[in-house]
Amino acid sequence: MAKQTHAMICPKCGAEMNHHADKLVDPVTPEDRKHVNAALGGVIEETHCCPGCGGLASRREA
Amino acid sequence: MTNARPLNIPVILGTTRKGRMSAHAARFMVNQLAKREGITTELIDIAKLPLPIDDAGEGIRDAEFSAKMAAADALVIVTPEYNHSFPGLLKHILDSCLKEYIHKAAGIVGVSAGPFGGVRAIQDFLPVIRELGLVNIFWDVNFGNVASVFDETGKLLDQAFVKRADKFLNELVWMAKTLRYGRDNISID
């Protein structure tokens with residue numbers, strides 16, 4: 000599994016977001032199971048926050 | 000730390016039971032929050048949310064509830080104690096979101112008909128709060144013997160709860176500000 004290195008852009012205001020958390024979640028769907036990090040035993044959900052408007056967004060580690 | 004956005008701290012009323020005394024506690028907490036400058040709040044009554052029981056987790060995510068959680072900087076969760084724990088429907092609705100909660104503050108208000116003020120429900124709740132990515136504060140508000148704390152109209156009969164709520168909210172606001180700064184500015188990488 001590779002960490003995504005490009006910053007997320009806030010869907011509300013267009014500012015660059017801050018990647019502040021990685022949450023390990025259990026795979027639920029078949030798509031999730033394709034992205035399981037074997038070393039960690041789950042899927043990494045990256046959480047990003049916008050310092051401009053407070054918006055949040057997330058994405059799965061690719 | 001400068002951030003002009005007001006802190007958004009909704010209060011979740013975590014029971015759907017008819018005649019719930021927790022509604023008085025939740026409205027009291029909303030009123031205490033509304034007196035503070037720089038804070039927006041609202042009551043989120045889980046009895047007014049769509050709560051399908053033929054699925055669970057993100058499968059029942061409600062767009063409006065999700066948006067409110069995403070916009071929140073902290074949560075006040077008002078839970079009664081039913082059979083020594085918190086209501087299942089409260090967990091059912093909280094489980095419908097995840098990313099919305101991460102690195103946000105949570106304070107728990109316990110309510111009980113008996114003397115213990117929901118302490119057993121709160122103790123049960125802490126692992127759930129942690130797993131959802133919320134950060135729990137070390138103050139609670141415990142409305143024990145709740146029928147003697149509020150009258151039937153919701154009027155507060157014991158003024159000591161004003162001071163207790165104030166201490167609880169001071170800690171919650173501090174944690175909310177700190178975590179917002181972290182979310183906005185400090186990278187996990």
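In the order they appear, the protein sequences are chains R and A.
Its first residue numbered 0, the first sequence is counted upward by one per residue in numbering that gives the first Met the number 0.
Its first residue numbered 0, the second sequence is counted upward by one per residue in numbering that gives the first Met the number 0.
Heads up, the beta-carbon is just placed ideally off N, CA and C, and yes, glycines get one too.
Under the three-state reduction of DSSP, which class applies to R/SER57: helix, strand or coil?
Strand.
With a 10 Å radius around its C-beta and 16 neighbouring C-beta atoms as the bar for buried, classify R/MET0 as buried or exposed.
Confidence at R/MET0 is low in this model, with a pLDDT of 48, below 50, so its placement is unreliable and the value that follows should be read with caution. Exposed, since its Cβ has fewer than 16 Cβ neighbours within 10 Å.
Keeping to the same chain, check which residues put their C-beta closer than 7 Å to that of R/GLY51; ignore five residues upstream and five downstream.
Cβ neighbours of R/GLY51 beyond the five flanking positions: CYS9, CYS12 and ALA14.
When you compare each of A/PRO9, A/GLU36 and A/THR14 to A/MET28 by their alpha carbons, which one comes out closest?
Checking every option, the nearest Cα to that of A/MET28 belongs to A/PRO9.
Looking at the strands, I want to know which residues DSSP matches up with A/THR39.
According to DSSP, which records beta bridges pairwise, A/THR39 is partnered with A/ASN7.
In this structure, what does DSSP give as the bridge partners for A/SER95?
According to DSSP, A/SER95 bridges with nothing at all.
In angstroms, rounded to a whole number, what distance separates the CA positions of A/GLU151 and R/ALA6?
Between A/GLU151 and R/ALA6, the C-alpha separation is close to 53 Å.
Along the region 127–145 of chain A, what residues have a CB closer than 7 Å to any CB found in chain R?
So the close ones are GLY132.
Along chain R, in chain order, which residues have C-beta atoms closer than 7 Å to that of A/ILE101?
Under the 7 Å cutoff, chain R gives ALA20, LYS22 and THR46.
Which residue wins for smallest C-alpha separation from R/VAL27, given the options R/ALA20, R/ASP21 and R/VAL35?
Comparing Cα-Cα distances from R/VAL27 to each of R/ALA20, R/ASP21 and R/VAL35, the minimum goes to R/VAL35.
If we count the other Cβ atoms within 10 Å of its Cβ and call it buried at 16 or more, is A/GLY132 buried or exposed?
Per the 10 Å Cβ criterion, buried.
For a contact defined as C-beta to C-beta under 7 Å, what are the partners of R/PRO50 on chain A?
Here the neighbours are ASP183 and ASN184.
Considering only the beta carbon of each residue, do A/ILE101 and R/THR46 sit closer than 7 Å?
Yes, they are a contact pair.
Taking all protein chains shown into account, decide if A/GLY113 is buried (16 or more other Cβ within 10 angstroms of its Cβ) or exposed.
Exposed, since its Cβ has fewer than 16 Cβ neighbours within 10 Å.
Mapping the DSSP letters down to three states, classify A/ALA156 as helix, strand or coil.
Note that residue 156 of chain A corresponds to Leu in the displayed sequence, not to Ala. In the structure shown, A/LEU156 sits in coil (DSSP, three-state: anything other than H, G, I, E or B).
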